[in-house]
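Structure, as structure tokens:
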Amino acid sequence: MNLRAILNERFSRAFEKATGEALPPQIQLSGRPEFGDYQANGAMAAAKALKQNPRAIAQQVVDAAEVDDLAERLEVAGPGFINIHLKPGFLTAALTEPPITAAVTPEKVVVDYSSPNLAKEMHVGHLRSTIIGDAIARILEALGHDVIRQNHVGDWGTQFGMLIAYLEESGEDSDELADLEVFYRASKQRFDSDPAFAERARQRVVALQAGDPATRDLWQRFIDISLSHCQATYDRLDVTLTRADVMAESAYNDDLEAVVADLKARELLTTSDGAQCVFLDEFKGKDGKPLPVIVQKSDGGYLYATTDLAAVRYRVRVLDADRALYSTDARQTLHFRQIFAVAEAAGFTGNRISLEHQPFGAMLGRDGKPFKTRDGGVVKLNDLLDEAVTRATSLVAAKSPDLPEAEREMIARAVGIGAVKYADLSKNRTSDYLFDWDQMLSFDGNTAPYLQYAYSRIQSIFRRGSVDPSDLTADVLLAGEAERALAVVLLRLQEVLEQVAREGFPHLLCAWLYELATAFMRFYEACPILNAEEPARASRLALCRITGERLSLGLSLLGIQTVPRM
Ligand code: ARG
Numbered sequence: 057m058n059l060r061a062i063l064n065e066r067f068s069r070a071f072e073k074a075t076g077e078a079l080p081p082q083i084q085l086s087g088r089p090e091f092g093d094y095q096a097n098g099a100m101a102a103a104k105a106l107k108q109n110p111r112a113i114a115q116q117v118v119d120a121a122e123v124d125d126l127a128e129r130l131e132v133a134g135p136g137f138i139n140i141h142l143k144p145g146f147l148t149a150a151l152t153e154p155p156i157t158a159a160v161t162p163e164k165v166v167v168d169y170s171s172p173n174l175a176k177e178m179h180v181g182h183l184r185s186t187i188i189g190d191a192i193a194r195i196l197e198a199l200g201h202d203v204i205r206q207n208h209v210g211d212w213g214t215q216f217g218m219l220i221a222y223l224e225e226s227g228e229d230s231d232e233l234a235d236l237e238v239f240y241r242a243s244k245q246r247f248d249s250d251p252a253f254a255e256r257a258r259q260r261v262v263a264l265q266a267g268d269p270a271t272r273d274l275w276q277r278f279i280d281i282s283l284s285h286c287q288a289t290y291d292r293l294d295v296t297l298t299r300a301d302v303m304a305e306s307a308y309n310d311d312l313e314a315v316v317a318d319l320k321a322r323e324l325l326t327t328s329d330g331a332q333c334v335f336l337d338e339f340k341g342k343d344g345k346p347l348p349v350i351v352q353k354s355d356g357g358y359l360y361a362t363t364d365l366a367a368v369r370y371r372v373r374v375l376d377a378d379r380a381l382y383s384t385d386a387r388q389t390l391h392f393r394q395i396f397a398v399a400e401a402a403g404f405t406g407n408r409i410s411l412e413h414q415p416f417g418a419m420l421g422r423d424g425k426p427f428k429t430r431d432g433g434v435v436k437l438n439d440l441l442d443e444a445v446t447r448a449t450s451l452v453a454a455k456s457p458d459l460p461e462a463e464r465e466m467i468a469r470a471v472g473i474g475a476v477k478y479a480d481l482s483k484n485r486t487s488d489y490l491f492d493w494d495q496m497l498s499f500d501g502n503t504a505p506y507l508q509y510a511y512s513r514i515q516s517i518f519r520r521g522s523v524d525p526s527d528l529t530a531d532v533l534l535a536g537e538a539e540r541a542l543a544v545v546l547l548r549l550q551e552v553l554e555q556v557a558r559e560g561f562p563h564l565l566c567a568w569l570y571e572l573a574t575a576f577m578r579f580y581e582a583c584p585i586l587n588a589e590e591p592a593r594a595s596r597l598a599l600c601r602i603t604g605e606r607l608s609l610g611l612s613l614l615g616i617q618t619v620p621r622m
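Numbers in the numbering used here are just positions in the sequence shown, counted from 1, shifted up by 56.
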């Protein structure tokens, strides 16, 4: 149930009834409990538009509002705010409903994420796209949308000639293949030091593009190895991508000629220095000169942009998608603006698909510079995850030395991986973020360990009381302020998820989770649970159960696990 949407609808009607005009009610959360649970703040803007007194309008809206089933009290405050105090009985009933309701009009949504270049092993540069995209995909799915994951991996281009030549030379049993970074470096070194090898590498590129079977075969084997490296990382990270979601750049090879022909037919192409370019008026460089989108080089080769245009066409024509979301770093913003504009001009979007780039900032080290290894190299994702688990292992050993080792290992994995993911997801993706081990593994503040701990705390209440949470079905009585505040937070999940699905900001879900855990801790401190008298005891235990379920649900939508104790 989306409480905000319900209030929005009711108050839209009230505004219309009161003023005769369709005016936005501006439903917002209240900052403080004495101002109610929500507020309708549209009276001020309405007063301006209608040249009337805002408090008078607010009062008319209050008189016109039909909210007896939801609200126990509406009051006009300050310059014309309407404070909405929800009915405890309404909150109690709402808590018995499922936490998420599916969209009335489900959409088909392509989520293009992770999409590493397969020439090298996944490194920290792929982390953000992989986990942000995965959270978005999970959330859309939870809301009943039809999600099509597309891992647009880079598997084409000149680098592969070098890798194929080296694979041929070193064989598939080469130890170097266990670590693609090592393999890449070794082949690059061969390439730079041996002209005969470099020549073989160049021939391989030509042969690959010409479809030579033996070369294709070697290439395919390299791609397979690289994809299994990726898959191992996805599995470790609890990322839902599978091999079936791979839709590689090379899959569009056969479409590229047609894309260029379509652009030509639409008279969008200009030849510039022998290259085929699209110039659109809206794209100008700093010097005011028009900025081209190059779709074919003078040697006939195609580019990243051409492939992305083919991908748009495919997503519209074959996948029949309503939306396509692209999770990449902000440096590709211009690229996507151009691709979307060219696709629109060329008629590839069919006036139907909504193309949305969801950019994110860079990952920085504690020194505020791009995150690197001590000697300045790229940090491999696997090494980063190893370190996360190692750090979490010592943390868990120090905190819970009495737990069996196997359980501690499981906890360390959930906490370590969860911490890395949550630290990223909890920040507004548009800004750069500081990667800080101590902060992300802290049990205080907006971190995965804090939330996982809150969850395990709830489970430990059940253990101490020897209760089975599935039996805790009593109505939640909202007697005290802390209980009521917790209930209102619990009921906001749907509105938060809908906003994340619309705007692509998982940090909003994190903020909700943190608020939920904090509201729970306040309730826990204010109200005895196991020692309370009935019916408060059953009611509070039920509130614990619902909180635990939604904490773990929210975390699972971010791909983060909870553990029963820690
Ligand atoms: N492979 C690209 C990179 O590593 C990301 C691809 C993103 N998706 C897309 N459709 N262009 O930067």
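Built from N, CA and C at the ideal position, the CB exists for glycine as well.
So within the stretch 152 to 232, which uninterrupted alpha helix (DSSP H) runs reach at least 4 residues, ignoring any that extend past its ends? Runs found: 183 to 198 and 215 to 226.
Is Thr384 near the ligand ARG, with its Cβ less than 7 Å from a heavy atom? Here residue 384 is taken as the residue at index 328 of the sequence shown, counted from 1. Taking 7 Å as the cut-off, one finds at least one heavy atom of the ligand ARG near enough to the beta carbon of Thr384.
Range of the contiguous beta strand (DSSP E) that encloses Gln332: Stepping through the sequence shown from its first residue, residue 332 is reached at position 276. Gln332 -> beta strand (DSSP E) spans Ala331 to Lys340.
Would you say the stretch 345 to 365 touches the stretch 380 to 398, given that touching needs at least three Cβ pairs under 8 Å? Yes, the stretch 345 to 365 touches the stretch 380 to 398.
Starting from Val445, trace the beta strand (DSSP E) both ways and give me its first and last residue. Numbered from 1 along the sequence shown, position 389 holds the residue referred to as residue 445. That residue, Val445, is in no beta strand (DSSP E); its alpha helix (DSSP H) goes Leu437 to Lys455.
Which runs of the alpha helix (DSSP H) spanning at least 4 residues fall entirely within the stretch 452 to 491, listed in chain order? Counting only runs of 4 or more, we get 461 to 481.
C-alpha distance - Asp229 paired with Ser282, whole-angstrom precision: Here residue 229 corresponds to residue number 173 of the sequence shown, with the count starting at 1. Here residue 282 corresponds to residue number 226 of the sequence shown, with the count starting at 1. A straight-line Cα-Cα distance of about 14 Å links Asp229 and Ser282.
Just to confirm my understanding: we take Leu319, look at its own chain, exclude 5 residues before and 5 after, and list those with CB closer than 7 Å. What are they? The residue labelled residue 319 in the question sits at position 263 within the sequence shown. Leu325, Val334, Val351 and Ala402.
Can you round the beta-carbon distance between Ala670 and Phe579 to whole angstroms, since I take them to be within the 8 Å contact cut? Given that the chain is displayed from residue 57 to residue 622, the structure contains no residue 670 and the question cannot be resolved.
Taking the alpha carbon of Phe416 as the reference point, which residue from Pro155, Glu443, Ser68 and Gly181 has its own alpha carbon closest? As a working note, residue 416 is residue 360 in the sequence shown. Minimum Cα distance to Phe416 is reached at Gly181.
Answer yes or no: the CB of Asp168 versus the heavy atoms of the ligand ARG, is any distance below 7 Å? For the purposes of this step, residue 168 is taken as the residue at position 112 of the sequence shown. Asp168: yes, Cβ under 7 Å from the ligand ARG.
If you reduce the DSSP assignment to three classes, tell me which class Asn64 lands in. Translated into the one-based positions of the sequence shown, residue 64 becomes position 8. In this structure, Asn64 counts as helix in the three-state DSSP scheme.
Rounded straight-line distance, which links the Cα of Leu85 to that of His141: Taking the first residue of the sequence shown as 1, we reach residue 141 at position 85. Taking the first residue of the sequence shown as 1, we reach residue 85 at position 29. So the alpha carbons of these two residues sit roughly 11 Å apart.
Spatial neighbours of Ala470 within its chain, please: CB distance less than 6 Å, with the 5 preceding and 5 following residues excluded, ordered by chain position. What you label residue 470 is simply residue 414 of the sequence shown in a count that begins at 1. Same-chain partners within the cutoff: Gln617 and Val619.
Option in Leu274, Phe499 and Ala504 with minimal Cα separation from Ala479: To locate residue 479, count along the sequence shown from 1; it is residue 423. Measuring from the Cα of Ala479, the nearest candidate turns out to be Ala504.
Residue burial classification, Asp190 (beta-carbon count within 10 angstroms, cutoff 16): Numbered from its first residue, the sequence shown carries residue 190 at position 134. By the neighbour-count rule (16 or more Cβ atoms within 10 Å), Asp190 is buried.
Kindly examine the ligand ARG and report whether one of its heavy atoms sits closer than 7 Å to the Cβ of Ser171. In the sequence shown, counting from the first residue as 1, residue 171 sits at position 115. Yes; taking the cut-off as 7 Å, the Cβ of Ser171 has a heavy atom of the ligand ARG nearer than that.
Coarse secondary structure for Glu581, derived from DSSP in three states: Along the sequence shown, one-based indexing puts residue 581 at 525. If DSSP states are grouped into helix, strand and coil, Glu581 belongs with the helices.
Could you check the C-alpha separation between Phe239 and Leu264 for me, to the nearest Å? Taking the sequence shown and counting its residues from 1, the one referred to as residue 239 is at position 183. Taking the sequence shown and counting its residues from 1, the one referred to as residue 264 is at position 208. Between Phe239 and Leu264, the C-alpha separation is close to 20 Å.
Under 8 Å by Cβ, that's how I've got Ile517 and Cys600 pegged, so tell me the actual separation to the nearest angstrom. The residue you call residue 517 lines up with position 461 of the sequence shown. The residue you call residue 600 lines up with position 544 of the sequence shown. Right, the Cβ-Cβ distance comes to about 6 Å (below 8 Å), so this counts as a contact.
Beta-bridge partners of Val123, as assigned by DSSP: Indexing the sequence shown from 1 puts residue 123 at position 67. Val123 pairs with nothing; no bridge assigned.
Considering only their Cβ atoms, is the gap separating Asn139 from Gly76 smaller than 8 Å? One-based indexing of the sequence shown puts residue 76 at position 20. One-based indexing of the sequence shown puts residue 139 at position 83. The answer is no: Cβ separation not under 8 Å.
Indicate, with yes or no, if the ligand ARG has a heavy atom lying under 7 Å from the CB of Asp527. Locating residue 527 in the sequence shown gives position 471, counting from the first residue. Remark: the C-beta of Asp527 is outside contact range of the ligand ARG, defined as less than 7 Å to any heavy atom.
If you draw a straight line from the C-alpha of Ala114 to the C-alpha of Gly521, how long is it? Residue mapping note: residue 114 aligns to position 58 of the sequence shown, counting from 1. Residue mapping note: residue 521 aligns to position 465 of the sequence shown, counting from 1. Going from the Cα of Ala114 to the Cα of Gly521 covers about 49 Å.
With distances taken between CB atoms, is the gap from Gln388 to Gly560 smaller than 8 Å? If you number the sequence shown from 1, residue 388 lands on position 332. If you number the sequence shown from 1, residue 560 lands on position 504. No, Cβ-Cβ distance for Gln388 and Gly560 is not below 8 Å.
Hey, Leu533 and Thr152: beta-carbon distance below 8 Å or not? On the sequence shown, residue 533 is found 477 positions in, with the first residue counted as 1. On the sequence shown, residue 152 is found 96 positions in, with the first residue counted as 1. In this structure, Thr152 does not lie closer than 8 Å to Leu533 by Cβ.
Ala175: CB within 7 Å of a non-hydrogen atom of the ligand ARG: Your numbering for residue 175 matches position 119 in the sequence shown. In terms of side-chain proximity, the C-beta atom of Ala175 is found no nearer than 7 Å to any non-hydrogen atom of the ligand ARG.
Return the residue from the list Leu174, Val544 and Glu465 that minimises the CA-CA distance to Leu233. Looking up residue 233 in the sequence shown gives position 177. That would be Leu174, whose Cα lies nearest to the Cα of Leu233.
Where the beta strand (DSSP E) containing Tyr382 begins and where it ends: Along the sequence shown, one-based indexing puts residue 382 at 326. Per DSSP, Tyr382 belongs to the beta strand (DSSP E) from Arg379 to Tyr382.
So Ala61 and Glu551 are in contact, right, with Cβ under 8 Å, and what is the actual spacing, rounded? Along the sequence shown, one-based indexing puts residue 61 at 5. Along the sequence shown, one-based indexing puts residue 551 at 495. For Ala61 against Glu551, the beta-carbon gap comes to about 7 Å, under 8 Å, which counts as contact.
Assign Ala105 to one of three DSSP states: helix, strand, or coil. Position 49 of the sequence shown, counted from the first residue, corresponds to residue 105. Reduced to three states, the DSSP call for Ala105 is helix.
Run the proximity test for Ala377: is its beta-carbon closer than 7 Å to any non-hydrogen atom belonging to the ligand ARG? Indexing the sequence shown from 1 puts residue 377 at position 321. In this structure, the C-beta of Ala377 stays at least 7 Å away from each heavy atom of the ligand ARG.
Using the DSSP secondary-structure output, state which residues sit across from Arg253 in a beta bridge. By 1-based counting over the sequence shown, the position of residue 253 is 197. Here the sequence assigns Phe to residue 253, which means Arg is not the residue at that position. As computed with DSSP, Phe253 is found in no beta bridge at all.
On the CB-based measure, 16 or more other CB atoms within 10 Å of its CB, does Asn58 come out buried or exposed? In the sequence shown, residue 58 corresponds to position 2, counting from 1. Asn58 is buried by the Cβ-count criterion.
Quick one: Cα of Gly193 to Cα of Ile156, how far? The residue labelled residue 193 in the question sits at position 137 within the sequence shown. The residue labelled residue 156 in the question sits at position 100 within the sequence shown. Residue identity differs from the one stated: residue 193 is Ala in this sequence, not Gly. Computed Cα separation, rounded: 15 Å.
Do the stretch 458 to 474 and the stretch 427 to 435 make contact, defined as three or more Cβ pairs closer than 8 Å? Contact fails: fewer than three Cβ-Cβ distances are below 8 Å.
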